[in-house]
Each structure stands twice: as structure tokens, then as C-alpha cells.
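From first to last, the protein sequence lines stand for chains A and B.
Just so it is clear: in the first sequence, position 423 is 423 by our numbering, and no numbers are missing.
Just so it is clear: in the second sequence, position 762 is 762 by our numbering, and no numbers are missing.
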Amino acid sequence: MVALWSTNADELMRSLLPFITPFVLTATLVAQDSIALRVGKVITNDGQVLTDATVLVEQGRITQIGDASMELPFEVLLREFPDGILFSGFYEAHTSSGTDRANENVPIAPFLDVKDSIDPVAFFYEDELRGGTVALGVIPGNNCVIGGRGRVVAPYGRTIEEMTLSASMGMKIAIGPKSRWSRAAQLAELREATGNLTRTLQVKGQALLDEQARTESLQAIDEAPEDAGDDADAFDSQGGYIRFGDDFPGKELISEEDVDSTLHGLVDVLNGDERLWLWAPEPTDVLHAISWAASHGLEKQAVYVVTSSAWKVAEELSATEQPVVLSGGMWHVETDSVSEKETKTFAPTVLADAGVTLSLGTNKNRLGPDRLAYIAATCVREGMSYESALAAVTTNPAAAWGLGDELGKIAIGYEGNFVLLDGEPLDLATKVLGVWIRGNRVYDRADDGRLERLETGASK
Amino acid sequence: MALLAGGSAAWLIGESVRTEEGAWTEVAGLPVPTVAYKAATIHAHPQAGPIDEGWILVGDGKVIAVLDDASDLPPMLPIVDLGDKVVVPGLIAADSSLAGTSNQGDHALGAHRFAVDDFDAYADWNSIVRRGVTTVYLSPARGRLIGGRGAVVKTAGKDRVLRAQSDLRINLTPEIRNTPPFFRPPIPPTAENPIGPARPQPANSLSGAMLSLREQVGGDLDSAHGRAFSAWLGDEDSALRVVARSATEVQAATELAALWEKPLVLQGAQEADKTGTNRPQGTRSVLEIPLFLNAPDLGPNGVADAYALDFAGGTALVPGDRGRWTWLLEAAAAATGMGLDEREALRGITEMPAWSLGVQHRVGTLSPGKDADFVALSAGPLDPATSVDSVWIDGDLVFSQKEEQVEGGTVLRAGTVWTGSGAPLLGGAEVLLRDGKVVAVGARVPHPEGARIVDAGSDAHITPGFIDAHGSLGMNGRVDSSTTIGLMTAGSLWNPTWRSLARAGITTMVPSHSNWGVDGFRTQAVKTAAGVPSEAFVQGRHVVFFDWSGGDHVTRQSQFQRSLNAGKKYFDSWEEYRKKRAEWKASSGERASTERVTRESELRQRLAGTVLAEKEEEEEEVVEEEEEEVEKEVDPINGLWEATIEHAMIPEPINVNVRISHDGPRAILLLSSPDFPEEPGEEVEATWEPPRLIFQEESEIGTISIVGEVDSPDHMNVSVDAAGMISLEFEAYRIEVGESGDAAVVSRKRVKKDDGPQPPAVDPRREGWRALFEQRAVAVVKVQRQDEAERAIALFQKHELPFHLTGFGSGLGLEQTLADEGIGVVVPASLLSREKGRDQVTAAYFQEAGVRTAFQSGTAGGGARLLPRRMAMAVRHGLGAEQALESLTSGAADMLGLQGSVGRLNPGLDGDLILHSGPPFDLRSEILGVWVNGEEVPE
């Protein structure tokens with residue numbers, strides 16, 4: 001009897017597990033997702049600096065911000081850091097670090113997703129957390145034509161689901177050539193991909209029309225085909241999946257089911273359902289990217305990922321009114337082929353002065369400048385306003401992800417993500433004391449064993 | 001009558017009208033001219049020939065007209081004067097590898113590849129523009145059967161893409177026969193879409209290529225290429241470009257053009273003449289001109305044959321085989337060499353490629369309405385010496401050598417060039433200076449890119465820079481033979497005194513004061529305008545001035561003989577050292593190699609041994625330490641010491657041995673010398689005050705004190721002071737350690753590091769003689785009387801030393817000897833002497849007698865910078881101008897041994913020259929400019 005019960009209970013548990021787990025998890029999160037912090041200073045990224053302020057996070061979101069005397073719900077734990085500075089944390093707009101490999105070896109891979117590539121326990125994320133980064137846009141690398149989908153993650157969590165802040169970061173499309181490809185080959189490949197898709201859809205549309213005609217004629221002679229039965233996913237088999245390009249016969253009949261799953265990514269792109277991260281390393285690539293987006297009616301989906309040479313097309317980028325991410329170094333160095341004179345241009349200020357909404361990315365190849373704080377501080381040194389430099393590593397990346405209303409600020413309604421600092425965020429001597437993601441403390445400098453060993457020199 | 005480039009709007013319509021002279025015709029729709037460019041020669045329309053002295057009217061980036069008559073110029077029009085430049089339409093490259101040569105796409109059939117995608121307006125186009133290229137064909141994938149659609153772009157300007165999708169490029173040559181199979185792995189591989197083998201691609205033969213090309217007619221809407229190919233077939237403006245070199249390939253190309261009903265542009269086409277005349281109407285050729293290889297297939301008349309075949313369509317020229325695609329001027333010149341008419345050759349890189357590329361309405365000639373793209377060349381377009389001076393696109397300056405400031409050297413052009421050897425170059429000649437040297441002299445020298453071209457006109461003369469065989473500038477203050485003379489002119493380029501001398505034409509001067517003596521004053525020839533020390537003087541050569549004049553000749557003779565003997569001895573000591581050093585080097589090389597072998601074998605043995613050996617070594621080290629401890633107890637001074645005493649007052653160095661024994665402060669010194677073995681040793685008493693050994697004695701002249709200080713084991717610095725009259729210092733070494741008390745005696749051998757033989761001490765007074773004996777100097781001896789001259793000649797000739805004479809104004813009756821023996825005379829500053837009631841030019845007198853002469857400014861009043869002027873006066877009074885020139889340039893250089901650096905305008909010599917407005921030494925001429933070490937001396 002006991003054995004029987006236990007077997008049954010086991011089976012029951014096993015069968016229920018998939019359903020129970022989310023609730024259990026949610027329950028634990030809810031219990032932890034509320035906290036109140038009373039700190040010496042809050043940098044809101046809204047142009048305000050609050051002193052002696054209290055920030056209340058409930059259910060992972062900031063619900064109240066007030067002064068030191070703000071009343072708190074009795075069940076919320078209050079933590080006080082009278083000398084600390086609460087800051088939104090840094091936002092890495094665009095990176096392919098923390099994945100097992102940046103790119104697949106086929107040029108057209110819209111079906112890929114970094115979800116399958118992110119390694120939650122990579123030291124990279126631990127380091128980012130330690131450095132005060134609270135969110136990263138992880139997306140396939142640039143050595144591709146259509147690279148795959150990215151997602152916004154926090155540098156904390158045991159699973160990719162736990163890390164994910166947003167699964168809809170968008171699709172990587174490289175306008176700049178793959179390594180060893182010419183620009184013409186790159187663009188021909190892209191043209192081939194979209195052209196072939198259109199052709200496939202046209203053929204499919206015609207086939208569906210023919211099928212429809214056949215069904216109708218069968219119905220007309222009252223020989224209706226056998227009922228196909230209940231469609232398991234009625235929504236997927238509805239027509240109207242294709243919303244881009246010129247009309248062609250049968251276009252409105254095509255449903256998601258009718259299209260090969262490997263092509264869904266590309267259809268999403270052309271339908272305008274995906275944010276597009278257009279890699280354009282050279283000025284001429286930027287122009288190609290702008291015109292490519294325009295020719296497909298995707299101007300408002302574009303995020304331009306550029307390098308320092310893009311200062312030459314600052315006006316063109318500004319005119320698009322779309323976000324721009326500057327990756328790699330910030331200095332553009334050019335040597336005249338005749339006089340061998342070297343000219344150095346600091347790209348961020350040129351772009352910012354032209355009115356570009358700029359996000360700054362780090363260059364993971366280098367040790368020193370591999371910090372968003374360092375990059376933003378350099379921008380300030382080179383003449384960018386403090387607010388613009390700070391926005392380029394906080395609110396602008398969040399906006400580029402389309403999450404400008406949820407991430408990047410310490411404001412009511414925003415996610416409870418922030419870092420506690422012991423000084424100004426762009427001061428290189430500032431230490432990150434703690435990091436909270438959705439109200440959960442995920443990093444505490446006092447508990448950072450690795451850092452402690454590094455600082456004390458202890459070997460074990 | 002104005003010659004309108006094109007004459008009428010007919011030029012804009014087509015090729016049927018080629019040349020036409022006509023009155024000014026208003027061309028409707030053209031903008032108003034806003035600027036005119038004036039040039040000496042304008043090839044507005046290559047086929048019509050050049051216009052001399054013309055104006056290009058430009059408005060809004062377009063050519064409005066080309067005029068040859070200033071009276072037709074609209075009033076108040078600003079004029080940009082391009083000077084003596086030759087203007088041609090901007091060059092057009094009918095093919096280029098600008099979009100890459102490989103990795104341009106892996107499909108063999110790629111009509112969907114657009115070369116315009118490779119157009120990068122932000123790239124650095126300087127290296128292309130500076131070759132005069134203003135329009136370029138961007139080639140799609142070059143190594144594929146169907147490469148894709150080409151594009152035509154300008155290298156600068158506003159509206160740069162002339163044709164985004166021009167012709168479809170097909171390559172039929174063997175270059176495409178190794179197209180790799182096409183492979184894209186399916187991801188994810190599924191049952192319906194499995195990983196298959198790579199798909200083979202066409203073609204491995206011409207017939208295979210033609211097969212797949214013929215298949216293209218139907219169109220294949222399922223592939224990107226097929227759709228793009230169909231689009232091209234429907235594009236009426238787009239031609240078919242086929243790269244075809246052999247006759248069969250050309251034939252195949254013709255067939256394709258007929259099949260697809262497309263105008264054909266045939267690239268390569270070397271064997272076009274073998275294919276007959278059945279090519280479609282309007283076929284154009286882009287002929288690849290072989291620049292390096294012979295092309296026997298071109299036929300006996302080279303290009304002309306192929307060209308004649310296709311005359312109606314015209315032929316564009318591109319550099320073939322290994323030429324760079326920007327070498328258009330070279331290709332045109334080479335085509336001329338193969339028999340093509342010069343005008344047609346220029347047309348082949350301007351107008352004809354415009355037609356081939358379908359952009360003739362925009363570029364190619366300077367016709368009304370076309371883009372104002374032109375190139376100013378330093379000489380005629382096919383001239384081997386021509387270089388691009390400036391490039392203008394849409395009427396804007398986009399490249400200028402002046403602005404680029406490329407270090408391309410200087411080309412000087414004058415009617416007459418005196419090189420210093422042989423007859424002058426008449427009727428226009430050029431000198432190229434670069435990197436401080438003369439690079440070329442001749443009727444036509446290379447004009448490197450960026451070279452500054454100075455054309456002084458046909459009246460001008462160029463001579464080598466003048467040499468002042470003896471001047472006194474810069475000799476103020478203490479200057480003796482030990483001074484590095486040359487360094488005093490370092491920076492003379494910025495010194496106004498030196499600069500005025502250089503501007504006067506004296507580019508080289510041998511500086512010296514006038515106080516010479518019998519030991520000689522050694523000096524070097526200096527450059528009068530130099531920026532850095534290394535360029536400030538003629539390296540490796542010296543001039544030594546001697547004074548034989550005055551006094552009785554017996555005394556003078558013996559003084560000279562003594563000085564010479566001392567100099568010879570000094571020279572011999574150096575020779576001896578050189579010999580010993582060489583021997584030592586050879587032997588020490590052997591020794592070193594033997595030692596190395598020993599060391600290596602020891603090392604090998606040690607490495608072969610294991611830990612045990614290492615232990616042994618440690619023990620050894622301990623032993624060594626113990627020994628050192630014992631050594632520390634060795635008495636510091638007891639023993640035998642050795643020293644060598646040298647002093648100016650002692651004729652020969654003396655070796656001294658001193659045996660020292662001490663007991664406390666009292667020390668007994670036993671002195672002896674191996675040089676004087678018969679002398680008995682002398683014993684003196686001294687005081688030992690560690691670390692000093694002090695000896696003092698009162699003598700007649702005062703206190704003599706000798707102090708020896710032991711500064712390191714077995715080494716003592718000794719200083720001797722004899723009553724303040726004589727003081728000398730020497731070092732003493734202990735060669736044998738003596739006993740002392742119960743201290744352990746450890747005999748140690750003095751280890752002397754073997755550096756080999758050391759050079760003798762440098763004696764500045766004898767350096768002049770040494771230089772003479774070593775044949776790297778020339779002597780100039782001042783004599784005033786015949787007997788002095790004779791004795792000087794005898795002495796120097798006896799020792800075979802090169803020399804010349806100076807100091808006298810007439811022949812001294814020795815003219816014949818001087819002429820026969822080749823002894824030159826440095827003519828004194830006073831060029832005119834009055835003899836027998838008439839003025840006489842001293843130099844002329846010598847030259848008439850066949851004696852070599854050089855001139856000196858010496859210490860004459862007015863300074864060295866008046867020397868050229870004085871020479872002009874001398875010429876006025878009877879000195880031959882050519883002789884004067886020789887004496888100031890090549891003659892002086894030869895006499896003074898400077899011919900390896902200065903004196904002539906020969907390639908490799910220093911870039912020193914003078915640009916005269918007229919004949920040199922003509923009082924009506926002036927000096928227009930002076931170059932020293934290749935640099936113009938600033939005003």
C-alpha cells in the first residue's frame with residue numbers, strides 16, 4: 001500500500017512537474033522581488049540626482065521613489081546604504097561575447113537564435129556583473145549575411161530563461177562584407193536570399209490558389225474532400241502571414257504553416273516584426289544599410305551598428321532618426337595614401353553633435369578600455385556632455401532594444417535593476433558594491449570570493 | 001574665329017560628327033560660365049588635335065566651351081591660369097580591379113552581382129586621382145563566367161555614380177576554367193533538405209561555357225541570377241561586355257551578342273583581326289595593351305591591325321598583362337609605339353572608353369555640356385617625361401602636386417646646360433635633382449610625380465655651382481687644423497652670411513685663414529648652404545695649405561724637410577698600426593674560434609653530466625671563495641711594480657721597475673729601468689700611508705713630490721710634481737707580489753685584457769701630411785718666387801704628393817713646367833694685374849700657357865660673394881668665358897680632388913647648380929636661383 005502510494009505519488013509528481021515548476025519558481029521570485037533601498041544618492045538618468053532617497057521595488061518593478069522618510073509596506077525589507085550611490089547600471093547595447101561562437105558558417109541563417117548559444121556560466125557574465133553591467137544585448141556576430149536573432153539578458157542566472165530580460169532584441173544583418181567577401185558578393189547574397197524567398201512565396205501562393213480552385217470545383221460538383229479535421233493550431237494556418245513586398249496571386253492565402261520553418265526568420269524580418277541590427281563597418285556600408293532598409297520599408301526597424309569611421313556619415317545616420325551603436329574603438333585613424341599624414345577623429349562626439357542617438361559598445365579584445373565606464377569617461381574627456389555620455393551607456397541602449405520604458409532608468413514603472421556604487425559612475429576608481437536585477441540582489445562585493453582572492457593575493 | 005570644342009551641339013548627339021570648326025553656337029540648356037581655365041595646350045577633343053593657348057569655360061561643373069581666342073571670352077570672367085601645362089580630358093579606365101580581383105562571389109553565374117555595391121565613396125581615391133584617372137569602370141567578379149553587372153563611377157566630384165548598372169560582364173578566357181564547385185550546407189539538414197555534394201559549376205572549357213550561356217536565354221526565375229539575367233536582357237541601355245582574347249573566344253562573344261541582341265564591348269580582343277568582319281554593328285573594343293610582354297599575335301603592325309578592323313567603333317585602351325590598371329598614359333604611349341596614331345591613342349584613354357562604358361554623354365571629351373573633368377600634365381600626354389600636375393573634376397581641383405607636397409625632386413629646364421664635361425647641351429635641356437643629388441641631365445629627363453618643374457626659358461643657362469678654391473668666410477676666431485672645418489657651415493642654409501654667398505653662386509668653398517706655415521693647414525671643402533652637418537662638407541677629402549714663401553730658401557727647405565719627415569714618420573706609425581691591427585684581428589679571430597670550440601665542448605660535457613656535476617660545481621665555488629679570503633690578506637704594495645712614463649719632454653717612453661717592500665709606514669723603493677740596464681738601481685725611502693705611497697725630496701729647483709695611490713689591487717696611479725715646473729701622471733702595475741709578514745703568499749699573474757694593437761695618438765699638426773700621404777688630400781703651396789716654386793715642386797714631386805701652387809700673379813718663368821707636370825695654380829684674388837703698362841688677366845695668362853687654374857676669393861675685399869662678379873669682369877677683360885667656367889667648376893674640382901662630389905652636373909654628384917638668366921659671366925645676366933645639395937637656396 002505504501003509502495004503503491006509512493007509509486008502513484010511519484011508518477012503524479014512527475015506528471016505534474018512541468019506544470020508546477022513555473023508556479024513554484026514564480027512564488028519564490030515573488031517572495032524575493034521586493035526590496036527597499038535607502039541610499040545617499042540616486043542617479044535616476046532622468047536628469048535628476050536625488051539625495052537621501054528611498055527606492056521601493058515590488059514584484060521586480062520600481063513602484064515608489066521618495067525621500068528618507070518615505071513609508072514602506074511592512075513586509076518589504078529595507079536596506080540602508082547612507083554613503084552609497086544608486087545608479088541604473090551600465091547597458092551593453094550590442095555584443096556577441098558570452099556565446100560559444102559568434103557566427104554559424106552559413107551566410108544566411110535567420111533561423112538561428114543566441115538562445116541556443118549563450119553560456120550562462122561563462123566568466124564573461126560574472127565579469128560584466130562585477131563591472132556594474134546590468135543588461136547586455138547578445139546577438140550573433142558580424143561575420144555573416146543574416147546572422148540570427150539576439151536577446152537582451154542580465155549577466156545573472158543559471159539558465160538562459162532566467163537571464164533573459166527580453167527575447168525580442170532583433171535580427172543581425174551584416175551589410176558590411178563577411179571576411180574575405182567583396183561588398184558586391186555580400187549584397188548579392190542578401191539580395192539572393194530575399195529574392196528567393198519572394199519567389200518561393202509566389203510559387204506557394206499560386207499553389208494555394210490552384211488548391212483553392214480545385215476545392216471549389218470539387219465542392220461545386222458536391223464531392224467535397226474529406227474534412228481535414230480540427231486544425232491543431234488554427235491561428236498558424238490562417239492566411240495573411242505575408243505582409244511585405246508586392247502583391248502576387250495567392251499572397252493573402254499563405255499561412256505560417258505554409259512556409260518552411262527555416263524561412264520564418266526572414267519573413268519576420270521583411271514583415272517588419274523584427275528589430276534589425278545592421279552591421280555597417282564602413283561609411284559606404286552605412287549608406288548601403290540605409291538604402292537597403294528603405295527599399296524594404298524597414299527604416300523604422302533599423303539599428304545601425306557602426307565603427308568609428310562612421311563619423312563621415314554622421315549626417316546621414318542622424319537623418320534616419322534611428323539608434324546607432326558604435327562598436328570597436330572610438331578613434332578613427334586615417335593615413336593619407338600620398339602624404340602619409342595621419343588624421344585622428346573622435347567619432348562619438350562627431351556623431352553626437354550631428355544628433356545621432358548613440359550607444360557605445362566595448363571592445364572585448366582589449367583589457368583596459370573594456371569597460372563601459374571607461375568609454376563613457378573618455379567621451380566626456382573628448383568633449384561630449386556628461387549626460388550624453390552617460391545616456392550612451394544606459395538609456396540609449398535600452399531604447400535601441402525597444403525597452404526604453406522598462407530599462408535604463410531608476411524611475412517608477414521601470415524594472416528594479418540597479419547597481420550600488422561608492423562613487424560617481426564614470427569615475428574609474430568607483431567600486432561596484434552591489435547589483436540588483438528585478439529587485440533581487442545578484443551581486444555583493446563583500447561576497448565576491450574571486451575578487452577577494454585577487455585583492456588579497458590569497459592563492460586558495 | 002573661336003574653335004568651339006565640338007563646334008556644335010552635334011557633339012552631344014553622337015559620334016557621326018567628329019571634327020567640325022564652326023562659329024560659337026549657343027547650346028541650349030547650358031549653364032552660364034563662371035570661370036575659365038587657361039592653359040598652354042588643350043586637347044579638348046583628342047581627335048581634333050590640340051589647341052595652343054586656350055581657355056576652358058566652366059559653369060556649374062560643366063564645360064561650356066573651349067576657346068582659342070581671348071577676345072571671345074565673356075567679360076569679367078575669372079581666369080585660372082594653368083601656365084605651360086598640357087590639358088587633356090580626364091582619363092577613363094575602361095577596366096579596373098578596383099572592386100577586387102578575387103573573392104567577389106562564388107557563383108559561376110552571377111548576373112545578380114552588382115559591382116556598384118563595391119563602390120566606396122569614402123575610400124582613399126588619391127592614388128587613382130593622382131594618375132589623372134577621373135572615371136573608372138568597376139568590374140564585377142573577374143574570375144567568373146558571368147561576373148555580374150559593372151558600374152561606372154567618377155573618382156571624385158558630386159554625382160559620382162555615372163552608371164550604377166552598366167554592362168553584363170562575361171569572361172570567356174581560361175581564367176574562369178577553375179571555378180570551384182558551389183556549396184552551402186543546409187542548416188538544419190533535414191530529410192527534405194539533406195547535406196548534398198557540392199554542385200559543380202561551369203565551365204571547364206569554352207564549349208562548356210558557351211553551353212551554359214546559351215541556356216540563359218529562357219530565363220530561370222527560381223534563381224537570383226536567373227531573375228537578374230532576365231532583367232538585364234530587358235535593359236536596352238546595357239551592353240554585353242565579353243573578355244575574349246583568342247580568335248575563338250572573340251567569335252563566341254560575337255555569337256552571344258547576336259543571340260541576346262545586345263551591343264558588344266569586346267575586351268582583350270588581341271586576335272580580333274583573325275575573326276573576319278562579321279561582328280555586329282556598333283561593336284566596341286577595349287584593347288589590352290601589353291606593356292611588358294611581346295605580343296606576336298598582334299600581327300606585324302601591332303595594334304594598328306586590330307585597330308583598323310574596328311576603326312568605326314573606336315578602341316579604348318587599357319594596360320594589359322602585368323600593368324597596373326591606372327597606367328593609362330603608359331598604355332596610350334605604348335600603343336603609339338605599336339603603330340597607333342598619337343591622337344587616336346589619347347582618344348583611346350579618354351573619348352573611346354566613354355563610349356565603351358556608355359557614359360559618352362557625361363565624360364570623355366571637353367565638349368559643351370559634359371562634365372568639366374580634365375587633367376593638367378607637365379608635358380604632352382604621350383611624352384615619356386610627363387607627369388600629372390593637377391586634376392579637376394566637375395571644375396573643382398581634386399588633386400594638385402603642389403598641395404600634396406610630394407618629395408619628387410626638382411626638374412630645371414633652360415636653353416643651355418653646361419655640365420662641366422664637354423660641350424654644353426644646347427637648344428633646351430633639363431636637370432633632375434633629387435635627394436640632394438643630380439639624377440639626370442639631358443634634353444629630356446624624367447619628371448617624377450610631384451617633381452617641381454622650374455622652366456627658366458630658352459635664354460637661360462644652367463651651370464654647375466661655383467667652387468671657391470680658397471675663401472676666408474667663417475674663419476674668425478680660433479680655428480686650427482684640429483677643428484672640424486665642415487661643421488662650421490652646418491646650418492648655413494639659415495645663416496644670412498653664408499646664404500648670400502650661396503645665392504651669389506658659390507656653392508662650394510675651401511675655407512682657410514691665411515696663416516699657413518710649413519706644417520700646413522688642413523681644411524675641407526664646405527657647402528655654402530647646408531641644413532645638416534652631414535651635408536655641410538665634401539666628405540673624405542682634404543686640402544692642405546702650405547706657405548713656402550719668404551725667408552731664405554735654405555732655411556725654408558730644411559724646415560719643410562723636417563716637417564715632412566715628421567709627417568712621414570707619423571704616417572708610418574699609422575701604417576704600422578693598421579698592419580698590426582689587421583694581423584691581430586686575423587689571429588684573434590682564430591683564437592676566438594678555438595676558445596669558442598673549447599667552451600662549447602666544456603658546456604656539452606657539463607650538460608651531459610647530471611646533478612652530480614652541478615654539486616661539484618657548487619663545491620668549486622666554495623673553494624674559490626676561500627681563496628679570495630686568503631688573497632685579501634695579501635699586502636697591498638709589497639712586490640715588484642712596473643710603469644711606463646711618457647712626457648712631452650722625454651723623447652722616448654721610459655719603462656721603470658720599482659721593487660717595494662714596507663714594514664709599517666716606512667717603505668723602501670728600489671728603482672731600476674730595463675731601458676738602461678747598465679745604470680745601477682737607486683734606493684729611496686718613502687712613506688706608506690694607505691692607500692698612498694708618498695715620496696718627497698728637496699732639490700735645487702724645489703720640492704719634488706711623487707704620490708702613488710693604490711686604487712685597486714695591484715694598480716697604482718702615480719703623479720709626479722717637480723717644483724710646479726713639470727707634472728706628469730702615470731700608472732703602475734704590480735707584476736710580482738712580495739712577501740709580507742706571515743701573510744699567505746698567493747702569486748697572481750697580472751691579467752691584461754688583450755684589445756690588440758691600439759692606434760697611435762692623434763697629432764693634429766701631422767694630420768695634414770698624413771692625409772697627403774694617404775692620398776686623400778691635395779696640397780696647395782704658397783710660393784712667391786721662382787726659386788721657392790722650384791724647390792716646392794721638387795720636394796712634393798719627390799714624395800709623389802699631389803699639389804698645386806698659389807700666391808703668385810705671373811708665370812715666374814715656370815709656365816712650361818707647370819703645364820707639363822699638370823700642376824695647377826690657384827689664382828689670387830686680384831684677378832687683374834698691371835704689367836708692362838697694361839691690365840692683364842692673370843688667369844688668362846696661365847690658361848694661354850696651358851696651366852690649370854682655380855679661383856679663390858681669399859681674403860680679398862668685398863667677400864667671397866663677389867667672386868662670380870669679378871670673374872665676369874675678368875671675362876670682360878679677356879678671359880674666355882668657358883675657361884672661366886671650367887676654372888670655377890670642373891677644373892677646380894679636379895685640381896682639389898673634389899670631382900667625386902662637385903664641379904659637374906653628372907648623375908650621382910651633388911645637386912649644386914646655378915640658374916642664370918643668360919650666359920654666365922655676361923654682365924647682363926643675373927642669377928635666377930642657386931641649388932645646393934638639391935635644395936634651392938632661399939632668398
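Don't be surprised by glycine CBs; every beta carbon is placed ideally from N, CA and C.
Remember, predicted model here, so these are calculated numbers, not experimental data.
- Taking all protein chains shown into account, do 16 or more other C-beta atoms lie within 10 angstroms of the C-beta of B/E625, making it buried, or fewer, making it exposed? In the second sequence, the residue the question calls residue 625 of chain B occupies position 625. Summary for B/E625: the model assigns pLDDT 41, below 50, so the residue's position carries little reliability; its value from the coordinates is reported in the next sentence. With fewer than 16 Cβ atoms within 10 Å of its Cβ, B/E625 is classed as exposed.
- Do you know whose CA, among B/H447, B/A504, B/L426, B/G420, lies nearest B/L433's CA? Looking up residue 433 of chain B in the second sequence gives position 433. The option with the nearest alpha carbon to B/L433 is B/H447.
- Item | DSSP bridge partner residues for B/F546 (one or two, in chain order) | If you number the second sequence from 1, residue 546 of chain B lands on position 546. B/V781.
- Query: From this set, B/A331, B/V161, B/E351, B/A667, which residue's C-alpha is nearest B/Q47's C-alpha?
  - Reply: Residue numbering aside, residue 47 of chain B sits at position 47 when the second sequence is read from its first letter. The option with the nearest alpha carbon to B/Q47 is B/E351.
- Message: Taking the straight line between their C-alpha atoms, what separation do you get for B/D60 and A/R183?
- Response: The count along the second sequence starts at 1 and reaches residue 60 of chain B at position 60. The count along the first sequence starts at 1 and reaches residue 183 of chain A at position 183. Taking the straight line joining both Cα atoms gives about 33 Å.
- Message: Looking only at its chain, what residues have a beta carbon closer than 6 Å to the beta carbon of B/D675, apart from the 5 residues adjacent to it on each side?
- Response: On the second sequence, residue 675 of chain B is found 675 positions in, with the first residue counted as 1. Here the set comprises I654, N655.
- Task: Determine, using beta carbons only, whether B/H804 and B/V783 come nearer to each other than 8 Å.
- Result: As a first step, residue 804 of chain B must be located in the second sequence, where it is residue number 804. As a first step, residue 783 of chain B must be located in the second sequence, where it is residue number 783. The answer is no: Cβ separation not under 8 Å.
- Message: Out of A/G402, A/S385, A/G408, A/E75, which one is the CA nearest neighbour of A/V393?
- Response: Here residue 393 of chain A refers to the residue found at position 393 when the first sequence is read from its first residue. Nearest C-alpha to A/V393: A/G408.
- Item | Secondary structure of B/T326, DSSP reduced to three states | Taking the first residue of the second sequence as 1, we reach residue 326 of chain B at position 326. Here B/T326 sits in coil by DSSP.
- Task: Taking a Cβ distance cut-off of 9 Å, strictly less, list which residues of the region 253-279 of chain A are near chain B, in chain order.
- Result: D260, T262
- Buried or exposed: which applies to B/S587, given that a residue is buried once 16 or more other Cβ atoms fall within 10 Å of its Cβ? The sequence position of residue 587 of chain B within the second sequence is 587, counting from 1. A residue is called buried once 16 or more other Cβ atoms fall within 10 Å of its Cβ, and B/S587, having fewer, is exposed.
- Item | Residues that DSSP places opposite B/F229 in a beta bridge | Taking the second sequence and counting its residues from 1, one reaches residue 229 of chain B at position 229. Looking at the DSSP assignment, B/F229 forms no beta bridge with any residue, so it has no partner.
- Message: Strictly by DSSP, which residues pair up with B/V684?
- Response: Indexing the second sequence from 1 puts residue 684 of chain B at position 684. The partner list for B/V684 (beta bridge, DSSP) reads B/L669.
- Message: Cutting at 8 Å between CB atoms, please list the residues of its own chain near B/P33, excluding the five before and the five after it.
- Response: Locating residue 33 of chain B in the second sequence gives position 33, counting from the first residue. Only L57, V58, G59, I64, A65, P74, L77 meet the Cβ criterion.
- Taking Cβ-Cβ distances shorter than 7 Å, what residues in chain B pair up with A/E192? As a working mapping, residue 192 of chain A is identified with position 192 in the first sequence. The answer, in chain order, is H112, A224.
- Task: Starting from the C-beta of A/I160, find all residues in its chain whose C-beta is less than 7 Å away, skip the five residues before and the five after it, and write them out in chain order.
- Result: In the first sequence, counting from the first residue as 1, residue 160 of chain A sits at position 160. So the qualifying residues of the chain are K115, I118, P120.
- Closer than 7 Å at the beta carbon, the chain B residues around A/P283: Walking along the first sequence from the start, residue 283 of chain A turns up at place 283. Correct list: Y122.
- Task: Quick one: list the residues of chain B neighbouring A/N196, beta-carbon separation under 7 Å, in chain order.
- Result: The count along the first sequence starts at 1 and reaches residue 196 of chain A at position 196. Within chain B, the residues near A/N196 are A224.
- Per-residue DSSP class, three states only, for A/D444: Within the first sequence, residue 444 of chain A is the residue found at index 444, counting from 1. Three-state DSSP puts A/D444 in a strand.
- For B/R791, does the three-state DSSP call read helix, strand or coil? Position 791 of the second sequence, counting from 1, holds the residue named residue 791 of chain B. Note: B/R791 maps to helix in three-state DSSP.
- DSSP bridge partner residues for B/K38 (one or two, in chain order): Here residue 38 of chain B is taken as the residue at index 38 of the second sequence, counted from 1. B/K38 pairs with B/W55, B/D81.
- Task: Enumerate in chain order the residues of its own chain whose CB-to-CB distance from B/W327 is below 8 Å, with the five nearest sequence positions on each side excluded.
- Result: Counting from one through the second sequence, the residue named residue 327 of chain B turns up at place 327. Taken in chain order, the residues that qualify are R131, L291, P319.
- Item | Cα-Cα separation between B/H949 and B/L366, rounded to whole angstroms | Absent from the model: residue 949 of chain B. The displayed extent of chain B is 1 to 939, so no value can be given.
- Count the C-beta pairs between the region 235-247 of chain B and the region 165-179 of chain B that are closer than 8 Å, then say yes if the count reaches three, no if not. With the cut-off at 8 Å, the region 235-247 of chain B and the region 165-179 of chain B touch.
- Do you know offhand how far B/E652's Cα is from B/E729's? Translated into positions along the second sequence, residue 652 of chain B becomes position 652. Translated into positions along the second sequence, residue 729 of chain B becomes position 729. Spanning the two alpha carbons is a distance of roughly 15 Å.
- Query: Of the choices B/A123, B/Q216, B/V526, B/A331, whose alpha-carbon is the least far from that of B/L898?
  - Reply: Counted from its first residue, the second sequence places residue 898 of chain B at position 898. It is B/V526.
- CA nearest to the CA of A/S359, picked from A/S308, A/A188, A/S339, A/D336: Counted from its first residue, the first sequence places residue 359 of chain A at position 359. Among A/S308, A/A188, A/S339, A/D336, the Cα nearest to that of A/S359 is on A/S308.
- alpha helix (DSSP H) containing A/M70: first to last residue? Reading the first sequence from its first residue, position 70 is the one you call residue 70 of chain A. No alpha helix (DSSP H) contains A/M70, which DSSP labels as neither H nor E.
- Task: Could you tell me whether the Cβ of A/A185 comes closer than 8 Å to any Cβ of chain B?
- Result: Residue mapping note: residue 185 of chain A aligns to position 185 of the first sequence, counting from 1. At least one chain B Cβ lies under 8 Å of A/A185.
- Task: Evaluate A/P110 with the Cβ neighbour count: other Cβ atoms within 10 Å of its Cβ, from every protein chain shown; 16 or more gives buried, anything less gives exposed.
- Result: The residue labelled residue 110 of chain A in the question sits at position 110 within the first sequence. Under this definition A/P110 is a buried residue.
- Item | 8 Å Cβ cut-off: residues of chain A touching B/N171 | Locating residue 171 of chain B in the second sequence gives position 171, where the first residue counts as 1. Result: empty, since nearest Cβ-Cβ is about 15 Å, beyond 8 Å.
- Would you grab the beta carbon distance between B/G908 and B/V438 for me? Rounded to a whole angstrom, and I think it's under 8 Å. What you label residue 908 of chain B is simply residue 908 of the second sequence in a count that begins at 1. What you label residue 438 of chain B is simply residue 438 of the second sequence in a count that begins at 1. About 7 Å separates the two Cβ atoms, so the contact holds.
- B/D711 in three-state terms, based on DSSP: The residue given as residue 711 of chain B occupies position 711 in the second sequence. If DSSP states are grouped into helix, strand and coil, B/D711 belongs with the strands.
- Query: Can you tell me whether DSSP reads B/Y733 as helix, strand or coil?
  - Reply: Within the second sequence, residue 733 of chain B is the residue found at index 733, counting from 1. Three-state DSSP puts B/Y733 in a strand.
- Exposure label - B/L885; buried when at least 16 CB within 10 Å: Taking the first residue of the second sequence as 1, we reach residue 885 of chain B at position 885. Buried.
- Item | Buried/exposed call for B/A451, threshold 16 Cβ in 10 Å | Counting from 1 along the second sequence, the entry for residue 451 of chain B is found at position 451. The C-beta of B/A451 has 16 or more other C-beta atoms within 10 Å across all chains shown, which makes the residue buried.
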